[in-house]
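Protein chains in written order, with this note's numbering: chain W, 49 to 212; chain S, 49 to 212. All C-beta atoms, glycine included, are put in the ideal place defined by N, C-alpha and C.
2 protein chains.
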Amino acid sequence: MSDKINPIRETDDEARGLARDLLTGAATAALGVIEPGSGAPFVSRIAFGLGPQGEPMTLVSDLAVHARALRADPRASLLIGAPGPKGDPLTHPRLTLRASARFVARDDGRRDALRAVWLGHHPKAKLYVDFDDFHFVLFDIADGLLNGGFAKAYALDANDLRVI
Amino acid sequence: MSDKINPIRETDDEARGLARDLLTGAATAALGVIEPGSGAPFVSRIAFGLGPQGEPMTLVSDLAVHARALRADPRASLLIGAPGPKGDPLTHPRLTLRASARFVARDDGRRDALRAVWLGHHPKAKLYVDFDDFHFVLFDIADGLLNGGFAKAYALDANDLRVI
């Protein structure tokens with residue numbers, strides 16, 4: 049039975065707008081990576097934001113499991129959108145991104161611009177942004193899956209998800 | 049430099065209590081799975097709760113990406129604990145579980161008890177709990193990583209995480 053049902057609706061401007069709103073409004077994300085060695089999935093919370101060109105990004109410590117994992121295998125998945133306090137949380141919109149992670153080297157010419165935008169949205173990060181073990185990571189989006197609530201799923205490509 | 053630092057603290061009763069509080073209080077989780085075919089990570093939101101013996105569980109539709117993925121590869125990671133509205137979200141406690149998923153068949157003798165407990169905590173699920181494509185999934189926990197805030201990480205084993 050399930051094989052005959054396609055639960056994905058046709059992508060429209062409302063879906064694109066909702067996805068972009070989730071991207072613009074998120075300060076955190078759940079990051080999924082592949083753990084080196086075991087190959088098992090691993091999910092952790094990261095700070096999240098958009099860079100000067102709207103590129104999804106984070107700031108991570110090399111001490112974190114997810115940072116070591118992404119250096120070994122850049123494939124990442126990001127879940128964005130927090131459930132609200134009322135009603136069935138599965139009716140609240142959320143967005144899964146399939147992406148690839150790129151670490152920004154300390155001497156990369158883009159770092160100053162990324163740092164400025166990041167601290168604008170995450171002012172408390174000024175306490176650790178310049179620690180030796182912290183690095184910015186940019187996520188190149190392959191595609192996304194928007195779940196706008198029960199039976200409201202949409203597949204989105206990288207263009208649908210472009211904020212700027 | 050980073051290689052010389054072990055960011056994991058010794059597990060104590062405070063850490064165990066915090067982890068159990070997160071497990072008991074969670075109505076949703078971010079679930080990480082391995083996508084069939086690509087082998088890439090995929091994170092989505094699921095409803096979350098504890099069964100009659102305190103076993104972590106969810107209710108999923110076979111139409112969902114994560115259900116198909118778990119049927120192909122039961123390895124799962126669950127992120128539990130929502131960031132609060134104030135302060136740096138990375139200072140708010142969260143728990144990552146490494147687990148293995150077991151689907152509960154419709155004719156499994158435990159289903160009635162799981163269903164009763166589930167609907168007690170997720171009353172809105174009565175709208176779809178008995179749909180043909182919905183199944184309960186139990187998570188056997190291997191271990192966990194608690195992040196109680198900046199520089200407060202703890203490794204927890206399955207016993208540390210036992211609620212009942």
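Which chain S residues are close to residue i, counting only those with a beta carbon under 7 Å from its beta carbon?
i        : result
W/Pro55  : Leu111
W/Lys134 : Chain S residues near W/Lys134: none, gap ~11 Å exceeds 7 Å.
W/Gly71  : One point to set straight first is that residue 71 of chain W is Leu, not Gly, in the sequence displayed. Neighbours of W/Leu71 on chain S: none; closest Cβ ~15 Å, over 7 Å.
W/Lys200 : Neighbours of W/Lys200 on chain S: none; closest Cβ ~13 Å, over 7 Å.
W/Lys174 : Ordered by position in chain S, no residue passes the 7 Å Cβ test against W/Lys174, which lies about 11 Å from the chain.
Name, please, each residue of chain W whose Cβ falls closer than 9 Å to the Cβ of residue i.
i        : result
S/Arg123 : Ser86, Gly87, Ala88 and Pro89
S/Pro131 : Ala75, Thr76, Arg93 and Ala130
S/Leu193 : Phe90, Ser92 and Val113
S/Arg150 : Going along chain W, no residue has its Cβ under 9 Å from S/Arg150, so there is no contact; the nearest lies around 16 Å.
Am I right that residue i and residue j are in contact with their C-beta atoms under 8 Å? What's the rounded C-beta distance?
i        : j        : result
S/Ala149 : S/Ala124 : 5 Å
W/Gly129 : W/Ala74  : 7 Å
S/Val177 : W/Val91  : Actually they are not in contact, since the Cβ atoms of S/Val177 and W/Val91 sit about 25 Å apart, beyond 8 Å.
W/Leu71  : W/Pro104 : 7 Å
W/Asp191 : W/Ala206 : 6 Å
S/Ala147 : S/Asp208 : Actually they do not touch by this definition, with Cβ atoms about 14 Å apart.
S/Leu66  : S/Gly196 : 6 Å
W/Pro89  : W/Arg116 : Going by Cβ atoms, the distance from W/Pro89 to W/Arg116 rounds to 15 Å, so no, they are not a contact pair.
W/Asp110 : W/Ile82  : Rounded, the Cβ-Cβ distance is 17 Å, inconsistent with contact.
S/Leu118 : S/Leu194 : With a Cβ gap of about 24 Å, S/Leu118 and S/Leu194 do not count as contacting.
Please go through the same chain and pick out, in chain order, the residues whose beta-carbon is closer than 8 Å to the beta-carbon of residue i, but skip the five residues on each side of it.
i        : result
W/Gly135 : none
S/Pro171 : none
S/Pro87  : According to the sequence as given, residue 87 of chain S is Gly; it is not Pro. Answer for S/Gly87: no residue qualifies.
Against residue i, what residues of chain S qualify as contacts under a CB-to-CB distance less than 8 Å, listed in chain order?
i        : result
W/Ile82  : Ile82, Gly87, Ala88 and Pro89
W/Leu209 : Those within 8 Å of W/Leu209 in chain S number zero; the least Cβ separation is about 16 Å.
W/Arg154 : The contacting residues do not exist; W/Arg154 stays about 13 Å from chain S at best.
W/Arg223 : Limits of chain W in this structure are 49 at one end and 212 at the other, which puts residue 223 of chain W out of reach.
Short of 7 Å in beta carbon distance, which residues of its chain neighbour residue i, apart from the five on each side in sequence? Order them along the chain.
i        : result
W/Ala77  : Ile94, Phe96, Leu126, Leu127 and Ile128
W/Leu34  : Examination of residue 34 of chain W is not possible in this model, given that chain W is present from 49 through 212 alone.
S/Leu138 : Phe198
W/Arg158 : Val152
Run down chain W in chain order and give the residues with a C-beta less than 7 Å from the C-beta of residue i.
i        : result
S/Arg142 : Arg93
S/Arg64  : None at all; the shortest Cβ gap to chain W is about 19 Å.
Output, in chain order, the set of chain S residues within a Cβ distance shorter than 9 Å of residue i.
i        : result
W/Arg119 : Those do not exist, as W/Arg119 stays about 11 Å from chain S at its closest Cβ, beyond 9 Å.
W/Arg163 : Under the 9 Å cutoff, chain S gives no residues; its nearest Cβ is about 16 Å from W/Arg163.
Could you pull out every residue in the same chain whose Cβ sits closer than 6 Å to the Cβ of residue i, ignoring the five residues on either side in sequence?
i        : result
W/Arg68  : Val211
S/Arg64  : Asp208
W/Leu162 : Gly99 and Phe184
S/Ser50  : Only weak support is given to the placement of S/Ser50: the predicted model assigns it a pLDDT of 42, under 50, and the value that follows is read from those uncertain coordinates. Contacts found: none.
W/Leu145 : Leu126, Ile189 and Gly192
W/His140 : Pro131 and Gly132
S/Gly102 : Val211 and Ile212
In chain W, which residues lie less than 8 Å from residue i when you measure between Cβ atoms?
i        : result
S/Arg159 : Within chain W, no residue comes near S/Arg159; the closest Cβ sits about 18 Å away, beyond 8 Å.
S/Pro137 : Ala75, Thr76, Arg93 and Ala95
S/Leu127 : Ala78, Val91, Ser92 and Arg93
What beta strand (DSSP E) runs, 3 residues minimum, are completely inside the stretch 54 to 125 of chain W? The stretch 54 to 125 of chain W contains these whole beta strand (DSSP E) runs: 76 to 82, 89 to 95 and 104 to 109.
Please confirm if the stretch 184 to 191 of chain S is in contact with the stretch 157 to 168 of chain S, defined as three or more CB-CB distances below 8 Å between the two stretches. Touching, per the Cβ criterion.
Cβ pair count under 8 Å reaching 3, the stretch 150 to 160 of chain S against the stretch 57 to 65 of chain S: By the Cβ test, the stretch 150 to 160 of chain S is not in contact with the stretch 57 to 65 of chain S, since fewer than three Cβ pairs between them sit closer than 8 Å.
Going along the chain, which unbroken runs of the beta strand (DSSP E) with 3 or more residues stay wholly within the stretch 170 to 206 of chain S? Runs of the beta strand (DSSP E) inside the stretch 170 to 206 of chain S: 182 to 195 and 201 to 205.
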